[in-house]
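In this note's numbering, the protein residues as written are 25 to 157.
What follows is the structure in structure tokens.
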């Protein structure tokens, strides 16, 4: 899922310097797994990758973003952004994700990754919300 992803975010002002696949952390008997973490100097983007994206997957990512800093405290002070990536989309999950302030990526057959958000899109900084414990 990585080819071209960094440049898509670069075009949105997020200079990705690290691409970290399959990040895992445990705290107090709980576990969080992240499919892909993109790191910029002042922002991290948590990417949830699915073969088929559903509204429930978007809701799960939104919940994970609320507790992200509990599991990955080394990124406190960074802007926290979210993204979903999928081959197929059901239930208008892409529109739901967009309205929640998430980036939406789709993967084509040739492995080409496309950012579906238009120029009016403003990503939500989840670090600014009540989820920062």
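In this text, a Cβ means the ideal position worked out from N, Cα and C, and glycines have one as well. Keep in mind that this is a model prediction, so the values were computed, not measured.
Could you spell out where the alpha helix (DSSP H) holding residue i opens and where it closes?
| i | result |
| --- | --- |
| residue 41 | Neither: residue 41 is in no alpha helix (DSSP H) and is coded neither H nor E. |
| residue 32 | 29 to 34 |
To the nearest whole angstrom, what separates the beta carbons of residue i and residue j, a pair I think is in contact under 8 Å?
| i | j | result |
| --- | --- | --- |
| residue 137 | residue 121 | The Cβ separation is near 15 Å, so there is no contact. |
| residue 63 | residue 40 | 7 Å |
Could you give the DSSP three-state label for residue i: helix, strand or coil?
| i | result |
| --- | --- |
| residue 124 | coil |
| residue 144 | coil |
| residue 64 | coil |
| residue 138 | strand |
| residue 133 | coil |
Among the options, which residue has its Cα nearest to the Cα of residue i?
| i | options | result |
| --- | --- | --- |
| residue 53 | 79, 100, 95 | 95 |
| residue 143 | 127, 97, 114 | 127 |
| residue 69 | 50, 38, 124 | 38 |
For the beta strand (DSSP E) containing residue i, name the first residue and the last one.
| i | result |
| --- | --- |
| residue 67 | 67 to 77 |
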